[in-house]
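Trainee:
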Amino acid sequence: MSIIDTLKKTVRGKQADAQDNDILDTLKQEHDDVAELLDQLVESTSAAQRKKLLTSIKVALVPHLRAEEKVVYDAVLALKGKERQTHGEEGYMEHALGDKMLAQLGKIGNAMSPEFSAAAKVLKELVEHHVEEEEKNIWSDVEAAFSDEDRIAMNKKFLAAKKRVRVPA
Ligand SMILES: [Fe+2]
Ligand SMILES: [Fe+2]
Numbered sequence: 001m002s003i004i005d006t007l008k009k010t011v012r013g014k015q016a017d018a019q020d021n022d023i024l025d026t027l028k029q030e031h032d033d034v035a036e037l038l039d040q041l042v043e044s045t046s047a048a049q050r051k052k053l054l055t056s057i058k059v060a061l062v063p064h065l066r067a068e069e070k071v072v073y074d075a076v077l078a079l080k081g082k083e084r085q086t087h088g089e090e091g092y093m094e095h096a097l098g099d100k101m102l103a104q105l106g107k108i109g110n111a112m113s114p115e116f117s118a119a120a121k122v123l124k125e126l127v128e129h130h131v132e133e134e135e136k137n138i139w140s141d142v143e144a145a146f147s148d149e150d151r152i153a154m155n156k157k158f159l160a161a162k163k164r165v166r167v168p169a
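Just so we're aligned, residue 1 is where the sequence shown starts under our numbering, counting upward by one.
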């Protein structure tokens, strides 16, 4: 087998593995990636870099939010129990706040202004709070209600749903 064939096989193997992940592992990876980008945004001292980071955050975050709502929150909202439904509703509300902060950041022309710095900090704190609660509450609901196979099927749906999301400019 040539080196190219070996590489192709490795890449295919990785893609297959990604598809067959537990959705919670995929979500964890994405939460960590966005947390890293938000750290960089708040710490950056260059306007051009901040603009670039904002775009990267939008591209990473918006498909995550929409696909998570469709595949995870709607599944949790469909479960019996007021507490679980409250988790789902709270998740939707916090996502809407995240969208609002992203839109607001996009409107601020000077990325080194105190206004941009404040909005970036608010977005970072909002996402941190949201992820902490989501990983605790929503994930317990998912772990309790869905089997390993369910969660692999949810992962496939999540990856497919993400591809269909349009990221606002
Ligand atoms: Fe999430
Ligand atoms: Fe979320």
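The C-beta atom is built at its ideal place from N, Cα and C for all residues, glycine as well. Values in this document were obtained by computation on a predicted structure and should not be read as measured data.
For Pro114, which of helix, strand or coil comes out of DSSP?
Mentor: Position 114 of the sequence shown holds residue 114. Note: Pro114 maps to helix in three-state DSSP.
Trainee: For the alpha helix (DSSP H) that Arg151 lies in, which residues bound it at each end?
Mentor: Here residue 151 is taken as the residue at index 151 of the sequence shown, counted from 1. Segment Asp148 to Lys163, the alpha helix (DSSP H) holding Arg151.
Trainee: Can the beta-carbon of Leu53 be found closer than 8 Å to that of Leu41?
Mentor: Here residue 53 is taken as the residue at index 53 of the sequence shown, counted from 1. Here residue 41 is taken as the residue at index 41 of the sequence shown, counted from 1. Cβ atoms of Leu53 and Leu41: closer than 8 Å.
Trainee: Which same chain residues end up closer than 6 Å to Asp22 when comparing Cβ atoms and leaving out the 5 residues on each side of it in sequence?
Mentor: Looking up residue 22 in the sequence shown gives position 22. Excluding residues within five positions, the ones whose Cβ falls inside 6 Å are Arg151.
Trainee: In chain order, what residues of the same chain lie with their CB nearer than 7 Å to the CB of Ser44, ignoring the 5 residues before and after it?
Mentor: As a first step, residue 44 must be located in the sequence shown, where it is residue number 44. Taken in chain order, the residues that qualify are Arg50 and Leu53.
Trainee: What does the alpha-carbon distance come out to for the pair Gly91 and Val62?
Mentor: Taking the sequence shown and counting its residues from 1, the one referred to as residue 91 is at position 91. Taking the sequence shown and counting its residues from 1, the one referred to as residue 62 is at position 62. Roughly 14 Å separates the two Cα atoms.
Trainee: Does the beta-carbon distance from Leu176 to Ala119 come in below 8 Å?
Mentor: Because the chain in this structure spans residues 1 to 169, residue 176 falls outside the shown range and cannot be described.
Trainee: Leaving aside the five residues before and after Val131 along the sequence, list all residues of the same chain whose C-beta is less than 6 Å from its C-beta, in chain order.
Mentor: As a working note, residue 131 is residue 131 in the sequence shown. Within the same chain, Val131 has close Cβ partners His31.
Trainee: Which residue from Ala60, Leu126, Glu89 and Glu83 puts its Cα closest to that of Leu159?
Mentor: Counting from 1 along the sequence shown, the entry for residue 159 is found at position 159. The shortest C-alpha separation from Leu159 is found at Ala60.
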